[in-house]
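>
Protein chains in written order, with my numbering: chain R, 3 to 116; chain U, 132 to 243.
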């Protein structure tokens, strides 16, 4: 079946602009995760959804970052007033939502803030 | 809070040599442990994981990792590496809430 997909694959924006990054999880997966990976680093946890609700958003760096999953499937990560330090690869993953389940990752969106 | 330390940022080895990629974690509660691999220009893929039971877990391509609770380690090993094993390897840990904490990664380069 289809894996996790993310769009766009690349996004270049200017400092101060608003961006939206989209994630389509594997069909039937109730859990969805967003991570950020900077160059030379491991993925950094941002937020985790179980169904439509954010079960843990402790990784969001500040209030410029927000994510939604209104119907329990597709999720959108929204970044307001982008800064150059937001440049990174944003990864999405999904799982069945049980403890210890494998998380399946998408290819990521590379965000560049000029 | 849980955290993961990968002690080596880069590991160069020759083809057919053994390799060990080290991973230590810190957590006050029981954890689930994972190794993910990222081949060049590809996304993260699960290599193997430890949930419970036997402390030695294996992958389909010859890697193995051993959970050592007393040393809080989950080192990854392979007795004989191939050129195709060249990749970035990430150790990760979760507890009950499923949010995963990753190490900084180890870049394994296999030379002919």
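Virtual Cβ for every residue (Gly too), placed ideally from N, Cα, C.
Could you give the distance in angstroms between the alpha-carbon of residue 235 of chain U and the alpha-carbon of residue 11 of chain R?
23 Å
> Would you call the segment 58–68 of chain R in contact with the segment 139–147 of chain U, where contact means no fewer than 3 C-beta pairs closer than 8 Å?
Between the segment 58–68 of chain R and the segment 139–147 of chain U, the count of C-beta pairs closer than 8 Å stays below three; the two stretches do not touch.
> Let me confirm a value: residue 100 of chain R is counted as buried when at least 16 other C-beta atoms fall within 10 Å, else exposed. Which label applies?
exposed
> Could you tell me which residues DSSP pairs with residue 223 of chain U in its beta bridges?
U:165 and U:233
> Are the segment 215–234 of chain U and the segment 45–61 of chain R touching, with three or more C-beta to C-beta distances below 8 Å?
yes
> So with CB distances below 7 Å, who are the chain R contacts of residue 177 of chain U?
104
> So, is the C-beta of residue 58 of chain R closer than 8 Å to a C-beta in chain U?
yes
> Less than 8 Å between C-beta atoms, sequence neighbours within five positions excluded: which residues of the same chain meet that for residue 114 of chain R?
12, 13, 14, 15 and 89, listed in sequence order.
> Excluding the 5 residues preceding and the 5 following residue 116 of chain R in the sequence, name in chain order all residues of the same chain whose CB lies nearer than 8 Å to its CB.
Closer than 8 Å at the Cβ level, and outside the excluded window around residue 116 of chain R, lie 14, 15, 16, 17 and 86.
> Compute the Euclidean distance between the alpha carbons of residue 91 of chain R and residue 38 of chain R, then round it to the nearest angstrom.
6 Å
> Quick one: list the residues of chain R neighbouring residue 194 of chain U, beta-carbon separation under 8 Å, in chain order.
Within 8 Å Cβ-Cβ: nothing; residue 194 of chain U doesn't reach chain R, min ~16 Å.
> Taking only beta-carbon atoms, is residue 230 of chain U less than 8 Å away from chain R?
yes
> Look up residue 143 of chain U in the DSSP assignment and give the residues it is bridged to.
Bridge partners of residue 143 of chain U: U:240.
> Please look up how many angstroms separate the CB atoms of residue 207 of chain U and residue 194 of chain U, rounded, as I've assumed it's under 8 Å.
6 Å
> Applying the 10 Å Cβ sphere with the 16-neighbour rule, what's the burial state of residue 210 of chain U?
exposed
> Rounded C-beta distance between residue 6 of chain R and residue 107 of chain R? I'm assuming under 8 Å.
6 Å
> List the DSSP bridge partners of residue 58 of chain R.
R:50
> Exposed or buried, residue 40 of chain R, counting other C-beta atoms within 10 Å across all chains shown (16 or more means buried)?
exposed
> For the segment 179–191 of chain U, which residues have a CB atom closer than 8 Å to at least one CB atom of chain R, in sequence order?
180 and 182
> Please report the straight-line C-alpha distance between residue 223 of chain U and residue 80 of chain R, rounded to a whole angstrom.
26 Å
> So, is the C-beta of residue 67 of chain R closer than 8 Å to a C-beta in chain U?
no
> If we define contact as Cβ-Cβ less than 8 Å, is residue 233 of chain U a contact residue for chain R?
yes
> Kindly identify the DSSP beta-bridge partner or partners of residue 158 of chain U.
Note: residue 158 of chain U sits in no beta bridge, so no partner.
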